[in-house]
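Taking it in order: structure first as structure tokens, then the write-up.
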Amino acid sequence: MITQQTLIIGANSDIAKALALQLIESETTGLILISRDVNAYDLLNRDKNTSHVNTITVKDYQSQSIEQAIEEIATYNHAPITRIYICNGILHNQSIQPEKRIEELTVESFNQVMASNALTPMLWIQQLMPTLTGNSPCKIVVFSARVGSISDNRLGGWYSYRASKAALNMMLKTAAIEIARRNKNIKIIAFHPGTTDTPLSKPFQKNVPANKLFTCDFVASQLLTIVENSSYDQTASYLDWQGKSINW
Ligand SMILES: NC(=O)c1ccc[n+]([C@@H]2O[C@H](COP(=O)([O-])OP(=O)(O)OC[C@H]3O[C@@H](n4cnc5c(N)ncnc54)[C@H](OP(=O)(O)O)[C@@H]3O)[C@@H](O)[C@H]2O)c1
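For the sequence shown, the numbering used here begins at 1 and goes up steadily by one.
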């Protein structure tokens, strides 16, 4: 019987897929996978029991699409949502490359990176507020990155990506303060997975030592342990893959 639900948003992220594959084993937890392209999702084609898994395809990550997805979630199951993983984030795509020099900064790419990495997760949290301000406990993990730490910035570069994750961190801290006044049983974690072998890091793996390039399976299992061990302390945490705090 389903007694709780987990949402994975941006479910086509390679780390998200590894997370889903580990979570699918629990038959008491309903899994809701949300992505722009659920069809590309091979998890459901594996030899697994997927009767407790639902998928939602969003057209994009605009407010209206998010609102429709939330309405759809409400139709599935009335078990409380106890875990939310928001995995969205871009570093590069066909039109964007992380900037090495300030001359490479453009309005278009900055706006796109900010929207995907900082605004999208917050729009989900905004729309999920009725869930979060009830009585039920919930842990929310949002994928950040160590490069979003202002105090840790020694190498420079990657203006838009760094700024987007720093902005995300600030908004998560702010949301945690507000939400704590309404529900003491919400935990927000800004998570740094470490350099993980996914399409996002692919072009930048050359100088990463083999023991510092993680598999998605490893990161997913670290994250699940970190989440279980975290407490409802009414504050946002900024944690790496070892569960160690990062200075904001
Ligand atoms: N891999 C690393 O080394 C590393 C290091 C530090 C932090 N991170 C962070 O970890 C998270 C997961 O990354 P990953 O490595 O698993 O990357 P990935 O496999 O490339 O996944 C990309 C993610 O970004 C979403 N996305 C793509 N374009 C988007 C857009 N225009 N608007 C909103 N969302 C968009 C995708 O959502 P759909 O499901 O809709 O496609 C998917 O969730 C990201 O936040 C990333 O910044 C990764």
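Note that the Cβ used here is the ideal one computed from N, Cα and C, for glycine as well. Bear in mind the structure is a predicted one, so any value in this text is a computation, not a measurement.
Worksheet item: Hey, is Gly157 close to ligand 1, as in C-beta under 7 Å from one of its heavy atoms?
Response: No, the Cβ of Gly157 stays beyond 7 Å of every heavy atom of ligand 1.
Discussion item. One question on the structure: do Ile24 and Ala16 come within less than 8 Å of each other, judged by their Cβ atoms?
Written reply: Inclusion of Ile24 and Ala16 in the CB contact set at 8 Å is not warranted, their separation being larger than that value.
Worksheet item: Is the CB-CB distance between Leu10 and Asn88 below 8 Å?
Response: Looking at the sequence provided, one finds Gly at residue 10 rather than Leu. Between Gly10 and Asn88, the gap from beta carbon to beta carbon is short of 8 Å.
Fill in: Trp253 and Ile150 closer than 8 Å at C-beta
With the chain represented from 1 up to 248, any question about residue 253 goes unanswered, as that position is not in the structure.
Practice prompt. Would you mind sorting Glu99 into buried or exposed? The rule is 16 or more other CB atoms within 10 Å of its CB.
Written response: With 16 or more other Cβ atoms within 10 Å, it is buried.
Fill in: Arg154 (DSSP reduced to helix, strand or coil)
Note: Arg154 maps to coil in three-state DSSP.
Fill in: For Asn247: DSSP bridge partner residues
Asn247 is not bridged to any residue.
Fill in: Classification of Ser95 by the beta-carbon crowding that lies within 10 angstroms, buried from 16 upward
Ser95 should be labelled exposed.
Worksheet entry | Among Val53, Thr82 and Met1, the one whose alpha carbon lies nearest that of Glu228 | Ranked by Cα distance from Glu228, the options Val53, Thr82 and Met1 are led by Thr82.
Worksheet item: For Asn54, is the classification buried or exposed, using 16 other Cβ atoms within 10 angstroms of its Cβ as the cut-off for buried?
Response: Per the 10 Å Cβ criterion, buried.
Worksheet item: Between the region 212 to 232 and the region 180 to 192, are three or more C-beta pairs nearer than 8 Å?
Response: Inter-segment contact for the region 212 to 232 and the region 180 to 192 is present: three or more beta-carbon pairs are separated by less than 8 Å.
Worksheet item: When the Cα atoms are used, what is the spatial distance from Thr3 to Leu31?
Response: Spanning the alpha carbons of Thr3 and Leu31 requires a straight line of approximately 11 Å.
Fill in: Segment limits, beta strand (DSSP E) that includes Ile90
Where Ile90 is concerned, there is no enclosing beta strand (DSSP E), because DSSP gives it neither an H nor an E.
Item to complete: Under 8 Å by Cβ, that's how I've got Ile177 and Leu132 pegged, so tell me the actual separation to the nearest angstrom.
Response: Incorrect: roughly 13 Å between the Cβ atoms, too far for contact.
Discussion item. Less than 7 Å separating the Cβ of Tyr61 from some heavy atom of ligand 1?
Written reply: True, at least one ligand heavy atom lies under 7 Å from that Cβ.
Item to complete: Compute the Euclidean distance between the alpha carbons of Ala220 and Ala18, then round it to the nearest angstrom.
Response: Rounded to the nearest angstrom, the two C-alpha atoms are 6 Å apart.
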